[in-house]
Amino acid sequence: MNPKRLAAVLRVRELQERGARGEMARRSQAHRIALAAEEHTWTQLHQLSTERGDAARLRVMTAVRDAGMLAAERQRDTTAAADEALTGARAEWTIAARRVEALERLGERLREAEQAEDDRRQILEVDDLVLARRGRGDRP
Numbered sequence: 024m025n026p027k028r029l030a031a032v033l034r035v036r037e038l039q040e041r042g043a044r045g046e047m048a049r050r051s052q053a054h055r056i057a058l059a060a061e062e063h064t065w066t067q068l069h070q071l072s073t074e075r076g077d078a079a080r081l082r083v084m085t086a087v088r089d090a091g092m093l094a095a096e097r098q099r100d101t102t103a104a105a106d107e108a109l110t111g112a113r114a115e116w117t118i119a120a121r122r123v124e125a126l127e128r129l130g131e132r133l134r135e136a137e138q139a140e141d142d143r144r145q146i147l148e149v150d151d152l153v154l155a156r157r158g159r160g161d162r163p
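The opening position of the sequence shown corresponds to residue 24 in the working numbering, with each subsequent residue numbered one higher.
What follows is the structure, encoded as C-alpha cells:
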C-alpha cells in the first residue's frame, strides 16, 4: 500500500475514532446522570411518610406514592435506554479503535519492510563493490 494513502486513511480513521470516543463519553455521562436521577427518585420515594392519618391523608399519600412509582419506572426506562445507547457507543468506539490499531500495525509492517529492503540494497551495493574490486584485480 502506498504510504501516503495509508497516512491519509489513518488520519480519517483516527478522526472517526476520536468522534466515537467523544460520543461514548457523552453517552457515558448521560448514563451516569440517568443512574443518579433514578437513585434520587427511589430515595425520594422511600422517604415518603408512612404515618397513619385519616382516610383523606391516606388517599393522598397513596396517590403520591403511586405517582412516585410511575416516575421511578419511567426513570428506570430512561436509564435502560441510556445504558443501551452507551453499549452501542462503546461498540462503535471499539470498532473504530481496532481499525486505527490495524492501520497502525500495517504502517509499522510497511516501515519494517521498507527498512529491510533498504538494508538488502545496501548489502547488494557492498557485494557489487567487492565483486567490482575483485574483477579489476584490486586487493583489499
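Glycine included, each C-beta is placed from N, C-alpha and C at the ideal position. Keep in mind that this is a model prediction, so the values were computed, not measured.
With distances taken from CA atoms, which of the options is nearest residue i?
i, options, result
"I56", "D151, R36, R99", "R99"
"E61", "R143, T102, S51", "T102"
"E115", "G42, A30, L147, G130", "G42"
"H63", "A94, L126, A120", "A94"
"A31", "T85, V153, A155, E127", "E127"
In whole angstroms, give me the CA-to-CA distance for residue i and residue j.
i, j, result
"D106", "R34", "30 Å"
"R144", "E135", "14 Å"
"A48", "P26", "32 Å"
"A112", "R122", "15 Å"
"I146", "E131", "22 Å"
"A166", "Q138", "Any property of residue 166 remains undetermined from this structure, which presents the chain solely from 24 to 163."
"T117", "A125", "12 Å"
"W65", "D89", "12 Å"
Tell me which residue opens and which closes the alpha helix (DSSP H) that residue i is part of.
i, result
"G22", "The first residue shown for the chain is 24 and the last is 163, placing residue 22 beyond what the model contains."
"G158", "78-159"
Less than 8 Å between the C-beta atoms of residue i and residue j, yes or no?
i, j, result
"L109", "V87", "no"
"L58", "G91", "no"
"L129", "L38", "no"
"A119", "R50", "no"
"M24", "L154", "no"
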